[in-house]
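Engineer:
In structure tokens form, the structure reads like this:
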């Protein structure tokens, strides 16, 4: 590297992954620089070059002078080569000179031994050169490092002293704080420039916003701190003072746009405000307490730069999974913005459901991280018109090894490189969200089909049918189930594979809500949506939210409470509208039994039809309470209507179950498990056991309506025949006519002893 320098062989150290950034910074100082090893950038120059590097480098950790480089595979060579170097040029007789060291893949593998040999050689050289017998080491410090890589030795002295991340504005460091040098590197790797809005929604103690303000105002990061080399006689103090004054004069007075930082930690924000004052940029940065879920901005073409929690030091994986899954849903609110995320969650793209525009491996405090960039469209001021007939280009803001659009302003006297040619027009879509062309076409088809269905069913309300199915996967690419509940809509999406990202899916849902509200002429806030997954160990009534959007609707002249927000199902299965009417017709004078009663809708119909008594069995207190409310809504609640909290099979084995039921409804879930029972329920497997226990409880000639919605269900006719039961499937009569899926359920009318 000595060929780079007429006077000094200089090295800038930095974190892994920031080498090209530091080289670009040096280039802006008019210095030819080149990364030559992990975390090391070599360059040459005079004393002014070294001083400017210390004052101006934002992403570098230290500026070193390489005193000597040589091969060495034994301690004798190490001593002699070290002794031969002009240490007296740098170290007066009374200066302290601690020696640090490291060795990688070298025969001289003992670092303490190498440090001791180098220290001894320097001592001998200084004694001889200064003509003294003792070296008190009471003066200023010259830190020496011996670095050996594959038997190649580099001896350096550290001109910086404290790491360059210590700018002087942050004496108080918050928990898991980002180093200033890394924060500056993230900014210089982004596509931010001072005239664009910038938000850090996880700002902590404010490092990223403050560093951005320093960059935007062209304030040298080392302006307000001390350096070891300024106390060395070989670098006159007057030269330091002159270059500090030059740097001070280069600063701009204010930013054109305020930078914003937000966090949920009030203590961290207090530190951030204090740090901004100390850095002199408190008028350029605004901090506020805000949860990431509330992130929004009216500004356009802004940039998010963030270092969210990793779940490595703080928090836990489950909570960070939820946080990261939320981010693209929040970011889609900013369709013209670009986003840059540093995280140790290397699976970020999986959590986001989309690939980044570019990514860069970095180490943050020895934690392996990736810097993910999701680039949005360029601002109009950065575009140019394409040549006539040219293909439009999708143009990311910077190549993978480029620090971004913003190049730090050079201090006075620096030589700037040639400017790149104007960028082609940026036609990139939003970084997060947005509807693809195929999505828009499919949703247009969905809207047309929904309008047609609504017209077809327009007479339902006049016939007293106010709750019904209006759309059932009519368009295969829009696999929704839409039910109308008297001025409200309930939408379920069946689980399926699709190629939309999480943010695109959220925008897709927004469009579905808008279309549904428009076609049905209902307020948008009365359109309730749920993603209905195939059951995997969950009952069909599993709770999914806690919004408590309940309303009372009417069916068949009876009133029912439905919950449109909190459960996979609403509390009233609309596909059994006709079945409930059949039960009411057969109910007069009956002893009615409702097993797996859920919210008791069949019980309400039986009671309204004149049943002498009803017994409703379910394991859930929630649904039994719901059943009681439904009875009360219809003024039917009396002691003649028993609600029993017990497992169905256990109830049928109980002496209290009674006998002589003349009418029963059994509508079991496909699968159910509960902490209250040891055994799971599976309808195909357990139907025989159910019939064995139920049939003896029925009166001769008693009728059982047995139904379920398990597609592969096969009725155990052999067991029923053995028990003297006649079975007749009546599904064609019980599925309402608006259902496209004629196998939404299967229903049998069982007659005991018939």
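Residue numbers (the numbering used here): 1194 to 1947. Positions of the beta carbon are idealized from the N, C-alpha and C atoms, including for glycine.
When the Cα atoms are used, what is the spatial distance from residue 1242 to residue 1691?
Structural biologist: The residue labelled residue 1242 in the question sits at position 49 within the chain shown. The residue labelled residue 1691 in the question sits at position 498 within the chain shown. Computed Cα separation, rounded: 56 Å.
Engineer: Do residue 1802 and residue 1781 come within 8 Å of each other at the CB atom, strictly closer than that value?
Structural biologist: Indexing the chain shown from 1 puts residue 1781 at position 588. Indexing the chain shown from 1 puts residue 1802 at position 609. Result yes, Cβ atoms of residue 1781 and residue 1802 sit closer than 8 Å.
Engineer: Give the straight-line distance between the Cα atoms of residue 1390 and residue 1455, rounded to the nearest whole angstrom.
Structural biologist: Against the chain shown, residue 1390 aligns to sequence position 197. Against the chain shown, residue 1455 aligns to sequence position 262. Looking at the two C-alpha atoms, the distance is approximately 14 Å.
Engineer: Between residue 1251 and residue 1574, what straight-line distance do the alpha-carbon atoms span, to the nearest angstrom?
Structural biologist: As a working mapping, residue 1251 is identified with position 58 in the chain shown. As a working mapping, residue 1574 is identified with position 381 in the chain shown. Answer to the nearest angstrom: the Cα atoms are 27 Å apart.
Engineer: So, residue 1814 versus residue 1754, is the Cβ gap smaller than 8 Å?
Structural biologist: Indexing the chain shown from 1 puts residue 1814 at position 621. Indexing the chain shown from 1 puts residue 1754 at position 561. No, the pair does not count as a contact, with Cβ atoms beyond the cut-off.
Engineer: Whole angstroms are fine: how far does the CA of residue 1313 sit from the CA of residue 1301?
Structural biologist: Within the chain shown, residue 1301 is the residue found at index 108, counting from 1. Within the chain shown, residue 1313 is the residue found at index 120, counting from 1. Cα to Cα, residue 1301 sits roughly 16 Å from residue 1313.
Engineer: Label residue 1478 either buried or exposed according to how many other C-beta atoms from any shown protein chain fall within 10 Å of its C-beta, with 16 as the threshold for buried.
Structural biologist: As a first step, residue 1478 must be located in the chain shown, where it is residue number 285. Looking at its Cβ environment, which holds 16 or more other Cβ atoms inside 10 Å, residue 1478 is buried.
Engineer: Any contact between the region 1435 to 1455 and the region 1319 to 1334? By contact I mean 3 or more CB pairs, one from each, below 8 Å.
Structural biologist: They do not touch, by the three-pair rule.
Engineer: For residue 1660 versus residue 1746, is the C-beta spacing smaller than 8 Å?
Structural biologist: Reading the chain shown from its first residue, position 467 is the one you call residue 1660. Reading the chain shown from its first residue, position 553 is the one you call residue 1746. Yes; because the gap between Cβ atoms is below 8 Å, this pair is in contact.
Engineer: Report the partner residues of residue 1794 according to the DSSP bridge assignment.
Structural biologist: Taking the first residue of the chain shown as 1, we reach residue 1794 at position 601. Note: residue 1794 sits in no beta bridge, so no partner.
Engineer: How many angstroms separate the CA atom of residue 1562 from the CA atom of residue 1541?
Structural biologist: In the chain shown, the residue the question calls residue 1562 occupies position 369. In the chain shown, the residue the question calls residue 1541 occupies position 348. Their Cα atoms are separated by approximately 11 Å.
Engineer: Looking at C-alpha atoms only, which residue of 1206, 1228, 1232 and 1245 is the closest neighbour of residue 1221?
Structural biologist: Taking the chain shown and counting its residues from 1, one reaches residue 1221 at position 28. Taking only the C-alpha atoms, the option nearest residue 1221 is 1245.
Engineer: Would you call residue 1549 buried or exposed, if buried means 16 or more other Cβ atoms sit within 10 Å of its Cβ?
Structural biologist: The sequence position of residue 1549 within the chain shown is 356, counting from 1. By the 10 Å Cβ count, residue 1549 comes out buried.
Engineer: Can you check the region 1209 to 1277 for any beta strand (DSSP E) of at least 3 residues that lies completely inside it and give the ranges in chain order?
Structural biologist: Listed in chain order, they are 1226 to 1230, 1233 to 1238 and 1253 to 1264.
Engineer: Can you find the residues in the same chain that come closer than 6 Å, C-beta to C-beta, to residue 1453, ignoring five residues on each side of it along the sequence?
Structural biologist: Against the chain shown, residue 1453 aligns to sequence position 260. Correct list, in chain order: 1392 and 1479.
Engineer: From the DSSP secondary-structure annotation, give me the bridge partner or partners of residue 1498.
Structural biologist: Here residue 1498 is taken as the residue at index 305 of the chain shown, counted from 1. DSSP, once it has assigned bridges, lists 1533 as partnering residue 1498.
Engineer: How is residue 1333 classed by DSSP in three states: helix, strand or coil?
Structural biologist: Taking the first residue of the chain shown as 1, we reach residue 1333 at position 140. Correct three-state label for residue 1333: coil.
Engineer: Residue 1343: which of 1264, 1377, 1372 and 1404 sits nearest, CA to CA?
Structural biologist: In the chain shown, residue 1343 corresponds to position 150, counting from 1. Measuring from the Cα of residue 1343, the nearest candidate turns out to be 1264.
Engineer: Going by DSSP, what residue range makes up the beta strand (DSSP E) through residue 1525?
Structural biologist: As a working mapping, residue 1525 is identified with position 332 in the chain shown. From DSSP, residue 1525 is part of no beta strand (DSSP E); its letter is neither H nor E.
Engineer: Report buried or exposed for residue 1400, applying the criterion of at least 16 other Cβ atoms within 10 angstroms of its Cβ.
Structural biologist: By one-based count along the chain shown, residue 1400 stands at place 207. Under this definition residue 1400 is a buried residue.
Engineer: Quick check on residue 1500: buried or exposed, where buried means 16 or more other Cβ atoms within 10 Å of its Cβ?
Structural biologist: Translated into the one-based positions of the chain shown, residue 1500 becomes position 307. Under this definition residue 1500 is a buried residue.
Engineer: On the DSSP bridge assignment, give the partners of residue 1941 in chain order.
Structural biologist: As a first step, residue 1941 is located in the chain shown; it is residue number 748 there, counting from the start. According to DSSP, residue 1941 bridges with 1899 and 1922.
Engineer: Helix or strand or just coil, what does DSSP make of residue 1299?
Structural biologist: By one-based count along the chain shown, residue 1299 stands at place 106. The answer is coil: DSSP assigns residue 1299 none of H, G, I, E or B.
Engineer: Let me check understanding here. Comparing Cα to Cα, which of 1557, 1409, 1410 and 1774 lies closest to residue 1374?
Structural biologist: The residue given as residue 1374 occupies position 181 in the chain shown. Answer by Cα proximity: 1557.
Engineer: Taking the continuous beta strand (DSSP E) assigned at residue 1697, which residues delimit it?
Structural biologist: Residue numbering aside, residue 1697 sits at position 504 when the chain shown is read from its first letter. Careful: residue 1697 lies outside any beta strand (DSSP E), inside the alpha helix (DSSP H) at 1695 to 1713.
Engineer: Do the region 1886 to 1906 and the region 1850 to 1864 touch if we need at least three Cβ pairs shorter than 8 Å?
Structural biologist: Cβ pair count under 8 Å is three or more, so yes.
Engineer: Since residue 1549 is in the beta strand (DSSP E), which residue starts that stretch and which ends it?
Structural biologist: Taking the chain shown and counting its residues from 1, the one referred to as residue 1549 is at position 356. First-last for residue 1549: undefined, no H or E at that position.
Engineer: To which residues does DSSP link residue 1481 through a beta bridge?
Structural biologist: On the chain shown, position 288 is the one that residue 1481 refers to. Paired residues: 1455.
Engineer: Residues bridged to residue 1891 by DSSP?
Structural biologist: In the chain shown, counting from the first residue as 1, residue 1891 sits at position 698. Note: residue 1891 sits in a beta bridge opposite 1854.
Engineer: Out of 1426, 1474 and 1457, which has the shortest C-alpha to C-alpha gap to residue 1449?
Structural biologist: Your numbering for residue 1449 matches position 256 in the chain shown. When each option's Cα is compared against that of residue 1449, the closest is 1474.
Engineer: Could you say which of 1353, 1418 and 1783 lies nearest to residue 1954 if we only look at CA atoms?
Structural biologist: A question about residue 1954 goes unanswered here, because the residues of the chain that appear run from 1194 up to 1947.
Engineer: Rounded to whole angstroms, what is the Cα-Cα separation between residue 1936 and residue 1921?
Structural biologist: The residue you call residue 1936 lines up with position 743 of the chain shown. The residue you call residue 1921 lines up with position 728 of the chain shown. Residue 1936 and residue 1921: Cα-Cα distance of roughly 16 Å.
Engineer: Name the one or two DSSP bridge partners that residue 1785 has.
Structural biologist: In the chain shown, residue 1785 corresponds to position 592, counting from 1. Residue 1785 is bridged to 1807 and 1856.
Engineer: So, do the region 1260 to 1275 and the region 1402 to 1413 have three or more beta carbon pairs nearer to each other than 8 Å?
Structural biologist: No, the region 1260 to 1275 does not touch the region 1402 to 1413.
Engineer: Answer with buried or exposed for residue 1215, where buried requires no fewer than 16 other C-beta atoms within 10 angstroms of its C-beta.
Structural biologist: In the chain shown, the residue the question calls residue 1215 occupies position 22. So residue 1215 ends up on the buried side.
Engineer: Taking residue 1440 as part of the beta strand (DSSP E), name the residues at either end of that continuous run.
Structural biologist: Residue mapping note: residue 1440 aligns to position 247 of the chain shown, counting from 1. First-last for residue 1440: 1430 to 1443, but that is the alpha helix (DSSP H), not the beta strand (DSSP E).
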